Amino acid sequence: MRSHLLNDTTAEQYRRSVTDGVERVAAKLAATERPFTGITVDALSPRIDAIDLDQPLHDTGAVLDELEDVYLRDAIYFHHPRYLAHLNCPVVIPAVLGEAVLSAVNSSLDTWDQSAGGTLIERKLIDWTTERIGLGPAADGVFTSGGTQSNLQALLLAREEAKSDHLSELRVFASEVSHFSVKKSAKLLGLGPDAVVSIPVDHDKRMQTVALARELERCAQDGLVPMAVVATAGTTDFGSIDPLPEIAELCEQFGTWMHVDAAYGCGLLASLKHRDRISGIERADSVTVDYHKSFFQPVSSSAVLVRDAATLRHATYHAEYLNPRRMVEERIPNQVDKSLQTTRRFDALKLWMTLRTMGADGIGQLFDEVCELAREGWRLIAADPRFDVVVEPSLSTLVFRYIPAAVTDPAEIDRANLYARKALFASGDAIVAGTKVGGRHYLKFTLLNPETQASDIAAVLDLIAGHAEQYLGESLDRAS
């Protein structure tokens, strides 16, 4: 079995095996005509259930053949221009190369003696990002597994900085369309069930600062502690960006930690055209960025950044076998001192490879393209009498729904849109997401692929309308 260990004696086997896998994936990418085959859970489950994991195949070629049957053939391919559903981006080749390198070397980014140069590369990228944001010379941060972990760590720091002996008194303010991880984090941090105060949004799905001010004042009057305000720079459903400068003013006035969840909107940090849309982010106490959304990186690649590096001490614990206190005195950099994780992948390498190959402008150009595409898509939908679109896009998301001319029952329209999304997914021709607006079912395009064209959007709209009309026709037949 030692023949399967990656080392100096198996380097050639490693080269052959990885090359075989890469060639198969490349062939699959080149031949993919639809984002999905439409396979069902009931159809795929028996294939996987039939595999006996206690009976190995003893050959990577055979394993790859099997993988084709249970995964590659029916995987959902985000690179396809008609994948329009969630915040999944196609990935850039330099980052995939970085993924291959980091997996083989397998550095662990918790301590210097497990990563060496990897530690310094991650720190350089953190500095690069904080400079792009404008957080100042005392800023710092650490890579995380994703936006949920980044938000959790930011709110942990905010909780500790609030210096309250009574967790039940702490309040977090976030818009009604903020990410669900805000409430989840509050629960994990031991805050009360009423800890997160939901702030209404305006017509453009941006936090209403007048309502925020009112709630902050009420918090003070009730003797409660305003622990944090979470502003969103790119909401999951609408891509809306909260009014960051006004929120920053209120946070300063009330002595409240300002966290900006820019998991989606962080691509604007590299934008050549639209950087001003996140003006005010530089005043945050902490920021979440997801490079695996709008920097076109493979999952996972995220970070939490802070204005004051000293606040990261709230995540610091020392263990003699790992990061004893003497290492701080010896100026040995250990990233575990800043992280909620211990063992941690060298995910920073992917962004490093991307920046060193394409540059920030290259990333920004790609993100600008999808933002422009969203504007074009909005014009298409707004001009189409078959659809109702909710808001003009701030980033690259469009929320809309099919509105039949002959049907006025909102519940029936809901069912038609749900059916259309499900039927479209089953066909594999395209994939769109769904959400609720005002209690009603809507559909969603999340545009993160620069290869998607306006013609793809128009074609998918026609497919949606066709499926919805089919449902309504069958519904009328059943009713008659």
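Number 613 marks the last residue of the sequence shown (the working numbering); no jumps. Don't be surprised by glycine CBs; every beta carbon is placed ideally from N, CA and C. Quick caveat: nothing in here was measured; it's all calculated off a predicted structure.
Exercise for review: Taking only the alpha-carbon atoms, compute the straight-line gap between I362 and C384 and give it to the nearest angstrom.
Suggested key: The sequence shown places Val at residue 362, rather than the Ile named in the question. Cα to Cα, V362 sits roughly 7 Å from C384.
Review point. Helix, strand or coil: which one does DSSP assign to H574?
Key: strand
Point to revise | Sequence-distant residues of the same chain with beta carbon closer than 6 Å to P359, five excluded per side | key: R304, L349, C352, F387, T389
**Study point:** Cutoff 7 Å; reference W511; Cβ partners in own chain excluding five residues on either side
**Key:** V522, E525, P526, L531
Review point. Within the 7 Å Cβ cut-off, does F479 reach chain B?
Key: No chain B is part of this structure, which consists of one protein chain only.
Review point. Under three-state DSSP, which class holds D246?
Key: helix
**Study point:** Through-space distance from H312 to Q286, alpha-carbon basis
**Key:** 15 Å
Exercise for review: Counting only the same chain and skipping the five closest in sequence on each side, list residues whose C-beta sits under 8 Å from that of L268.
Suggested key: E415, A417, V420, L438, V439, R440
**Study point:** the region 207 to 214 in contact with the region 540 to 559 per 3-pair CB rule at 8 Å
**Key:** no
Point to revise | Best match in N456, Q603, G561, D370 for proximity to T246 [C-alpha to C-alpha] | key: The sequence as given places Asp at residue 246; Thr does not occur at that position. Ranked by Cα distance from D246, the first of N456, Q603, G561, D370 is N456.
Practice item. Identify the continuous alpha helix (DSSP H) that holds S176 and give its terminal residues. Key: Looking at the sequence shown, residue 176 is not Ser but Ala. Segment 174 to 182, the alpha helix (DSSP H) holding A176.
Review point. K406 to E509, Cα distance in whole Å?
Key: 16 Å
Practice item. Rounded to whole angstroms, what's the CA-CA distance from V310 to F578? Just pull it up for me. Key: 17 Å
Review point. When DSSP labels each residue in this structure, what does Y604 get in the three-state scheme?
Key: Helix, per DSSP.
Exercise for review: Could you tell me whether the region 477 to 492 touches the region 229 to 245, where touching means 3 or more Cβ pairs closer than 8 Å?
Suggested key: yes
Check your understanding: So, are the CB atoms of P168 and T490 less than 7 Å apart?
Key -> no
Review point. Can you pull the DSSP bridge partners for L531?
Key: DSSP, once it has assigned bridges, lists F578 as partnering L531.
Practice item. Taking only the alpha-carbon atoms, compute the straight-line gap between L139 and Y147 and give it to the nearest angstrom. Key: Each residue's Cα considered, the two are about 7 Å apart.
Review point. Is C222 closer than 7 Å to F429 when the C-beta atoms are compared?
Key: yes
Point to revise | Rounded separation between R180 and Y204 - CA only | key: 10 Å
Review point. Are the CB atoms of I254 and W485 nearer to each other than 7 Å?
Key: Going by C-beta atoms, I254 is nearer than 7 Å to W485.
Check your understanding: In chain order, what residues of the same chain have a beta carbon less than 6 Å from the beta carbon of A176, not counting five sequence neighbours either side?
Key -> none
**Study point:** Rounded straight-line distance, which links the Cα of K257 to that of N284
**Key:** 22 Å
Practice item. Please report the Cβ distance between A366 and G398, rounded to the nearest whole angstrom; I am assuming they are in contact, meaning their Cβ atoms lie under 8 Å. Key: 4 Å
Review point. What are the partner residues of R304, as DSSP defines its beta bridges?
Key: P359
Practice item. Mark T142 as exposed unless 16 or more other C-beta atoms lie within 10 angstroms of its C-beta, in which case mark it buried. Key: exposed
Review point. Considering only residues of the region 323 to 386, which uninterrupted beta strand (DSSP E) runs meet the minimum length of 3 residues and lie entirely inside it, listed in chain order?
Key: 329 to 332, 358 to 365
Review point. Along the chain, where does the alpha helix (DSSP H) that runs through F169 open and close?
Key: Premise fails: F169 is in no alpha helix (DSSP H) and is neither H nor E.
Check your understanding: Considering only residues of the same chain and omitting the five flanking positions on each side of A601, which have a CB-CB separation below 8 Å?
Key -> Y535, P537, A549, N550, Y552, A553
Practice item. Could you tell me whether the Cβ atoms of L402 and V503 are closer together than 7 Å? Key: no
Point to revise | Helix, strand or coil at V479 [DSSP, three-state] | key: Before going on, a small fix: residue 479 reads as Phe here, not Val. Note: F479 maps to coil in three-state DSSP.
Point to revise | Per-residue burial, I184 [other beta carbons within 10 Å of its own, 16 or more giving buried] | key: exposed
Practice item. Please state if the CB of H451 and the CB of L290 are separated by a distance shorter than 7 Å. Key: no
Check your understanding: If you follow the alpha helix (DSSP H) that F276 is part of, which residue opens it and which one closes it?
Key -> Counted as a single uninterrupted DSSP element, the stretch harbouring F276 is not any alpha helix (DSSP H) but the beta strand (DSSP E) occupying residues 273 to 277.
Practice item. Please report how far the alpha carbon of K316 lies from the alpha carbon of V329, in whole angstroms. Key: 6 Å
Point to revise | Where the alpha helix (DSSP H) containing A549 begins and where it ends | key: 543 to 560
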